[in-house]
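S.K.: Residue numbering for the sequence shown is 3 to 262, as defined by the working numbering. Idealized CB from N, CA, C, for every residue including glycine. Note that the structure is a prediction, hence the values are computed from the model and not measured.
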Amino acid sequence: MEPKNLECQPGAGKGRGGASSARVFLPPPMNGLIDTHNRRINYLRISITDRCNLRCQYCMPKEGVSLFGHGEILSYEEILRVAALAVKRGIDKIRITGGEPLVRKDVVSLVRKLSGLAGVRDLSMTTNALLLGEFAAALSRAGLRRINVSMDSLDPEKYRRITRGGDLKKVWEGIDAARRSGISPIKINVVAIAGFNDGEIEAFARLTLKDPFQVRFIEFMPIGESSEWKPEQCIPASSIRERLEEIAPLLPLSDTDNGR
C-alpha cells in the first residue's frame, strides 16, 4: 500500500558534500496527487532536523545516534522550494516534525514562510513542548495553527524516566503558552506501553473532558535505533478502545481527519 502522505526528511535528495542527488517528478498541477487507492494526497510532513533535546527510551539509545551534518540536510530554501512545488500539486496541509523541530535555528522564520505559501490552509507542528513556552507566541504570529505534543506520562518522575531527563512541568508550561497564543487544537500523542503507562490511559482520556485537548493513543512499535522495544509491552488499539468506552461513548472521526 502506498502512503497517503508525502514526507520530506533530513538528508533527502542530498549526495556527497550536500549536493542535490535526485530529481522529483510530479504530475501536472491540474491532476493533483492521487495514490493507487484513488485517494487525493493533500498532506505533507517535513522533518527539518534529526536532532532532539530528549532521549526517549523507545526512540533512540541513551548515547544518541549519528547525526547528519548541516550540509547534508535540506536548507530552509530547499524545504520552501519542495513545499511550494507540492502546494501547486494540491498539498494544502503541512506538518513540521523532527527530531525536535524547535531546536533548529530560525524555525519561526520557516513557519512564517511556509504559512505564506498561497494554498496552504493548515500548518502544524509535532513537538515535545519543552521549548514551546519560549516559542509559542512567535509561532502563532508566524502562522502556526495547531500542535501535536508527545507526552507519555502524566507523572513527572515517569516522564523523566521514559525521556531520560525531560521536565514535565516545562511541557505543561509550553502547552499553556500555546493555548494563550491561540494555537488550537492541541493534540497530545501518547505511546501506550504495557507495564509503564497502561494505568494512565483513562487519566489521559479525562484530560479531554476538562480542557480542549485531543488525545491520541499510539501503539508501541519498534522505531529508530533503540533496542528497548519488546512485543509484550504492546497494547492493542482494540484494548485501549474498550477501556475508553467505559468512560464515555466514542464517536468515529471523519475520513478527512486521517488521524492528524
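Which residues in the same chain have their Cβ closer than 8 Å to the Cβ of GLU244, if we skip the five residues on either side of it in sequence?
M.R.: So no residue of the chain qualifies.
S.K.: How is the beta strand (DSSP E) around PHE215 delimited, first residue to last?
M.R.: Taken as a continuous stretch (DSSP letters only), the beta strand (DSSP E) holding PHE215 covers 215–221.
S.K.: Helix, strand or coil: how does DSSP classify SER49 here?
M.R.: Strand.
S.K.: Measuring alpha carbon to alpha carbon, tell me which residue in PHE206, ILE220 and ARG162 is nearest PRO214.
M.R.: Closest by alpha carbon: PHE206.
S.K.: Can you give me the Cβ contacts of GLY92 inside the same chain, cut-off strictly under 6 Å, excluding the 5 residues immediately before and after it?
M.R.: Closer than 6 Å at Cβ, skipping near neighbours: GLY34, LEU35 and ASN44.
S.K.: Between GLU248, GLN216 and THR165, which has its C-alpha nearest CYS54's C-alpha?
M.R.: Of the listed residues, the one whose Cα sits closest to CYS54 is THR165.
S.K.: Helix, strand or coil for ASP200 per DSSP?
M.R.: Note: ASP200 maps to helix in three-state DSSP.
S.K.: With distances taken between CB atoms, is the gap from ARG125 to VAL113 smaller than 8 Å?
M.R.: Looking at the sequence shown, residue 125 is not Arg but Leu. Going by C-beta atoms, LEU125 is nearer than 8 Å to VAL113.
S.K.: Using only CA atoms, which one of ARG181, SER240 and GLN59 lies nearest to LEU134?
M.R.: Closest by alpha carbon: ARG181.
S.K.: Note the first and the last residue of the continuous beta strand (DSSP E) segment covering THR99.
M.R.: Residues 95–99.
S.K.: Just tell me which of VAL67, THR129, SER183 and ASP108 has its CA closest to the CA of ASN150.
M.R.: Selected option, being the one with the closest Cα: THR129.
S.K.: Pick out whichever of MET127, GLY201 and ARG163 has its Cα sitting closest to the Cα of ILE177.
M.R.: It is MET127.
S.K.: May I have a chain-ordered list of the alpha helix (DSSP H) segments no shorter than 4 residues that lie completely inside the segment 126–196?
M.R.: Within the segment 126–196, the complete alpha helix (DSSP H) runs of at least 4 residues are 134–144, 158–165 and 170–182.
S.K.: Distance check for HIS72 and LEU253, CA to CA, integer angstroms please.
M.R.: Taking the straight line from one Cα to the other gives about 45 Å.
S.K.: Which of helix, strand or coil does DSSP assign to ILE81?
M.R.: Here ILE81 sits in helix by DSSP.
S.K.: Hey, quick one: how far does the alpha helix (DSSP H) through LEU56 stretch, first residue to last?
M.R.: That residue, LEU56, is in no alpha helix (DSSP H); it is neither H nor E in DSSP.
S.K.: Within 8 Å (strictly less), CB to CB, does ARG106 reach chain C?
M.R.: Absent from the structure: chain C. Only one protein chain is present.
S.K.: Tell me whether GLY261 sits in a helix, a strand or coil according to DSSP, three-state version.
M.R.: Residue placement at GLY261 is poorly supported in this model, since its pLDDT is 48, which falls under 50; the coordinates still yield a value, given next. Residue state, collapsed to three classes: coil.
S.K.: Hey, ILE96 and VAL122 are a contact pair by Cβ (cut 8 Å); roughly how many whole angstroms apart?
M.R.: Right, their Cβ atoms sit about 6 Å apart.
S.K.: To the nearest angstrom, how far is the alpha carbon of LYS172 from that of ASP52?
M.R.: Cα to Cα, LYS172 sits roughly 22 Å from ASP52.
S.K.: By Cβ distance below 7 Å, which residues in the same chain neighbour SER142 in space, the five residues on each side in sequence not counted?
M.R.: Cβ within range, chain order: SER183, GLY184 and ILE185.
S.K.: With a 10 Å radius around its C-beta and 16 neighbouring C-beta atoms as the bar for buried, classify MET223 as buried or exposed.
M.R.: Flag for MET223 reads exposed.
S.K.: Pull up the DSSP beta-bridge partners for ASP124, would you.
M.R.: Paired residue(s): LYS95.
S.K.: For the ligand MN, is there any heavy atom lying closer than 7 Å to the beta carbon of LEU170?
M.R.: Only the bare structure without any ligand can be found here, which leaves the ligand MN out of the picture.
S.K.: With 16 other CB atoms within 10 Å as the buried threshold, where does GLY261 fall?
M.R.: With a pLDDT of only 48 at GLY261, under the threshold of 50, the placement of this residue in the model should not be trusted; the figure read from the coordinates follows. Label assigned to GLY261: exposed.
S.K.: Taking buried to mean at least 16 other C-beta atoms within 10 Å of its own C-beta, is GLU102 buried or exposed?
M.R.: Buried, because 16 or more other Cβ atoms sit within 10 Å of the Cβ of GLU102.
S.K.: Please report the distance separating the alpha-carbon of SER241 from that of SER155.
M.R.: The straight-line gap from Cα to Cα measures roughly 18 Å.
S.K.: Quick check on the DSSP output: the alpha helix (DSSP H) that includes LEU246 runs from which residue to which?
M.R.: It spans 239–247 - the alpha helix (DSSP H) in which LEU246 sits, taken as one unbroken run.
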